[in-house]
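Residue 137 in the working numbering sits at position 137 of the sequence shown, with consecutive numbering throughout. Input: a single structure, listed below in structure tokens.
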Amino acid sequence: MSDSKILTKRELNEKLKKKIDPTSPTHAPRRGGRMRGGPPVGAKPKNIRQTVFRLLSYMGAYRFALIFIFLALVVSTLMFLLVPILFSVALDDYILVFDFEGVYRIGLIIVFLALINSMVRFLSRFLMARVSQKVVKKLRSDAFGKLMKTPVSYYDKLGSGDIVSRISNDVELISNSLGQTVLEVLNSSIVILGAFVFMFYLNWMLALIVVAFIPLMVLFTVKISKKTRKGFKEQQIHLASLNGIIEENVSGLKTVKLYNQEEPFIEDFRIENDKLKKAGFMAQFYSGLIWPFIHFMNNLIFLSVVGVGALLYLYLPTGVLTIGQIAGVSQYSRQFIMPISNLAQLFNALMQGVAGAERVFEIIDADSEYASDGEISVDSLNGEIEFDDVNFGYDENVLVLRDVTFKAQKGELIAIVGPTGGGKTTTIKLINRFYDVLSGTIKLDGVDIRDMKRDELRKKIGVVLQDTQLFKGSVFDNIHYGDFSATEEEVLRASKLSGAHDFIVKLPKGYDTEIHEGGQNFSQGERQLISIARSILSNPDLLILDEATSNVDTRTEAKIQKSMNLLMEGRTSIVIAHRLQTIQKADKILVIHQGRLIETGTHESLLEQKGFYYNLYQAQFE
């Protein structure tokens, strides 16, 4: 390895930013990448009340179960709070007078209450777990369902790592908050209220001693909770970023190894992992301060109640204060203080859940591309295409296509050529309505595509991209994906037409061979053949090929080209090609350079012009 410094990805990106002019029309903003950010570091939920009420609306479908859980908690807590009073009665009325029969009866009552309390708490936790999992299931379904309907531009703004983190990590935070935190918050609140009332019922003077310590405890826990909440928020943000790094590098591991760039990626991971470690440490450090303080205060209050109570017992008239009351209030002081510390800790977890819910709701609230859909049904397409003064940019300030105008008649083969980054693939994305034009119109059969229903429009367009995507399942399933109503014979026919049948039958399990994630157990060429078969099966009215044969050998390409010629017969077809020999018979060739349509004509006429296409042709064949 050379002595030159290995750059991290961040340093490399900074160098690239300096070299690339962001205002240049040939350099559109990065799209479809992973964004490592997320909410600002240490940010709180933007609208806690709205998010909480929205979560409650999801739980509203199980209101009867929730009412039962609440009542069960009240009953359970009352049984728990009765124990110190019974102990106080036993001490004053039975133990001090050596009435063992009375002590025995009180003991049985306490054991009975403890048994019932345990059963009720188990039942309430069981029901709450069921409710929370059903709510979380609905949240996941709503979020994933919306992701399937969001426009492609949404994924340009939000990285895949962040999206995965929201549906997995953030939803898990919601699950923990609903399943455990909410129940504990209710239980602690009821205990605090009940202990407060029973303390004053036993003896108001001793109760005031406990109350005097509350402001100090609240002040400390609130300040520490703020720091803890900030730490946990940072931890969640860096965890989402780390997930994105892992997802990106695992999916592109072959490329990383191919260019021997393991060290830069390891360094990038180390930097983010270190940030996660620091955020996690600070969150745990501040969170860990609460319990020692609470235990100290708990013991201090207990000793204060017992000490002051003993002095009052000695100096007050007989009967004003009893030993049983001192014992009872001291027990209630412990029951009163511990829930306060629990609430402080639970508040952090609850805020984590609320912050997670807010991020999930951002997905659910994302605009659906079907919200502004057209109303015209698309039963079939003749294939007449018209671009009229089309302007488009992924960023409104940086146009990728400028004033593009052309027409294609039914059955014509249209080829689009030009340098990389000129806007060829963008043209295809606009026809499929992955994006809508900024100005101008795109018409199919004389109808503005913005007036057509997106899903019906896309069903009539068959697209084979250069970067193919296969899904988990068998080879048969992936071809069948083109048309689920197709028979097995139709699937085999499409496979034979594409040229995929010959290599599929040689697989260990033939068409039942399982495809690994992204089709990694197949070569790029094999994945492309399967993708072509899928497109053939869909029997589209309009066919679009984006370098569809770029990853296969010359012999296979010739075979595919013959099959594609059969498929394109009678259909309007658009072909994006870099190898000009594959489009010489095209009815019309469009030359796009830096977003502009600079030449139009047949292969022969463009060569005669001796313009940009002529230079491309000469450069390629020389």
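Cβ atoms here follow ideal geometry from the backbone N, Cα and C, with glycine treated the same way.
Proximity below 8 Å, CB of residue i to CB of residue j
{"i": "ILE385", "j": "ALA408", "result": "yes"}
{"i": "VAL404", "j": "VAL390", "result": "yes"}
{"i": "PRO540", "j": "GLY462", "result": "yes"}
{"i": "PHE392", "j": "VAL152", "result": "no"}
{"i": "ASN298", "j": "ILE337", "result": "yes"}
{"i": "GLY356", "j": "ASP170", "result": "yes"}
{"i": "ASP512", "j": "PHE471", "result": "no"}
{"i": "PHE293", "j": "PHE198", "result": "no"}
{"i": "THR181", "j": "GLY60", "result": "no"}
{"i": "GLY595", "j": "VAL400", "result": "yes"}
{"i": "LEU623", "j": "TYR614", "result": "This structure cannot settle anything about residue 623, because the visible part of the chain is limited to 1 through 622."}
{"i": "ARG454", "j": "GLU369", "result": "yes"}
{"i": "LEU413", "j": "MET568", "result": "yes"}
{"i": "LYS460", "j": "LEU542", "result": "yes"}
Assigned exposure category for residue i - 16 Cβ within 10 Å defines buried
{"i": "PHE80", "result": "buried"}
{"i": "SER372", "result": "exposed"}
{"i": "ILE67", "result": "exposed"}
{"i": "GLN632", "result": "Since the first residue shown for the chain is 1 and the last is 622, residue 632 is missing from the structure and cannot be characterised."}
{"i": "GLY510", "result": "exposed"}
{"i": "ILE589", "result": "buried"}
{"i": "VAL464", "result": "buried"}
{"i": "PRO317", "result": "exposed"}
{"i": "GLY570", "result": "exposed"}
{"i": "MET119", "result": "exposed"}
{"i": "LYS424", "result": "buried"}
{"i": "VAL250", "result": "exposed"}
{"i": "VAL505", "result": "exposed"}
{"i": "LEU531", "result": "Before going further, note that residue 531 is Ser rather than Leu in the sequence given. Buried, because 16 or more other Cβ atoms sit within 10 Å of the Cβ of SER531."}
{"i": "ASN260", "result": "exposed"}
Per-residue DSSP class, three states only, for residue i
{"i": "GLN366", "result": "Checking the sequence, you will find Ala at residue 366 rather than Gln. Coil, per DSSP."}
{"i": "MET217", "result": "helix"}
{"i": "ALA486", "result": "coil"}
{"i": "ASN203", "result": "coil"}
{"i": "SER705", "result": "Nothing can be reported for residue 705, as the shown portion of the chain is limited to 1 through 622."}
{"i": "ASN391", "result": "strand"}
{"i": "GLU547", "result": "coil"}
{"i": "VAL437", "result": "coil"}
{"i": "LYS509", "result": "coil"}
{"i": "THR582", "result": "helix"}
{"i": "ASP403", "result": "strand"}
{"i": "VAL398", "result": "strand"}
{"i": "SER377", "result": "coil"}
{"i": "LEU321", "result": "coil"}
{"i": "SER523", "result": "coil"}
{"i": "LYS562", "result": "helix"}
{"i": "LYS227", "result": "helix"}
{"i": "ARG31", "result": "Any reading at ARG31 needs caution, since the residue's pLDDT is 34, under 50, leaving its predicted position unreliable; the model's value is listed next. Here ARG31 sits in coil by DSSP."}
{"i": "GLY179", "result": "helix"}
{"i": "SER538", "result": "coil"}
{"i": "SER372", "result": "coil"}
{"i": "LEU567", "result": "helix"}
{"i": "GLU386", "result": "strand"}
{"i": "LYS443", "result": "strand"}
Start-to-end residues for the alpha helix (DSSP H) that takes in residue i
{"i": "HIS516", "result": "Counting along the chain, HIS516 falls outside any alpha helix (DSSP H), and DSSP gives it neither H nor E."}
{"i": "ARG54", "result": "48-59"}
{"i": "LEU303", "result": "262-315"}
{"i": "GLU599", "result": "Element bounds for GLU599: not the alpha helix (DSSP H) but the beta strand (DSSP E), 596-601."}
{"i": "ILE174", "result": "171-176"}
{"i": "ILE428", "result": "424-431"}
{"i": "LYS137", "result": "100-147"}
{"i": "GLY161", "result": "160-165"}
{"i": "LYS157", "result": "152-157"}
{"i": "ALA65", "result": "63-89"}
N- and C-terminal bounds of the beta strand (DSSP E) containing residue i
{"i": "LEU258", "result": "It is not in any beta strand (DSSP E) - LEU258 instead sits in the alpha helix (DSSP H) that spans 253-258."}
{"i": "ALA415", "result": "413-417"}
{"i": "LYS588", "result": "588-593"}
{"i": "ILE461", "result": "461-464"}
For the 8 Å Cβ check, are there 3 or more pairs between the stretch 81-93 and the stretch 323-337?
Yes: at least three Cβ pairs fall under 8 Å.
Is the stretch 142-156 close to the stretch 360-370, with three or more CB pairs under 8 Å?
Yes: at least three Cβ pairs fall under 8 Å.
Any contact of the stretch 227-237 with the stretch 281-293, i.e. 3+ C-beta pairs under 8 Å?
Judged by pairs of C-beta atoms under 8 Å, the stretch 227-237 touches the stretch 281-293, as three or more such pairs exist.
Okay, do the stretch 342-360 and the stretch 158-176 touch, 3+ Cβ pairs below 8 Å being the bar?
Yes, the stretch 342-360 is in contact with the stretch 158-176.
Cβ contact (3+ pairs, closer than 8 Å) linking the stretch 524-541 and the stretch 469-487
With the cut-off at 8 Å, the stretch 524-541 and the stretch 469-487 touch.
Assess contact between the stretch 71-78 and the stretch 190-200, defined as three or more Cβ pairs (one per stretch) separated by less than 8 Å. Is contact present?
Result yes; three or more Cβ-Cβ pairs closer than 8 Å.
Between the stretch 208-216 and the stretch 302-314, are three or more C-beta pairs nearer than 8 Å?
Judged by Cβ distances under 8 Å, the stretch 208-216 makes contact with the stretch 302-314, as three or more pairs qualify.
Do three or more CB pairs link the stretch 146-166 to the stretch 101-117 at distances below 8 Å?
Between the stretch 146-166 and the stretch 101-117, the count of Cβ pairs shorter than 8 Å is below three; the stretches do not touch.
With three or more C-beta pairs closer than 8 Å as the rule, is the stretch 270-284 touching the stretch 233-243?
The stretch 233-243 vs the stretch 270-284: in contact.
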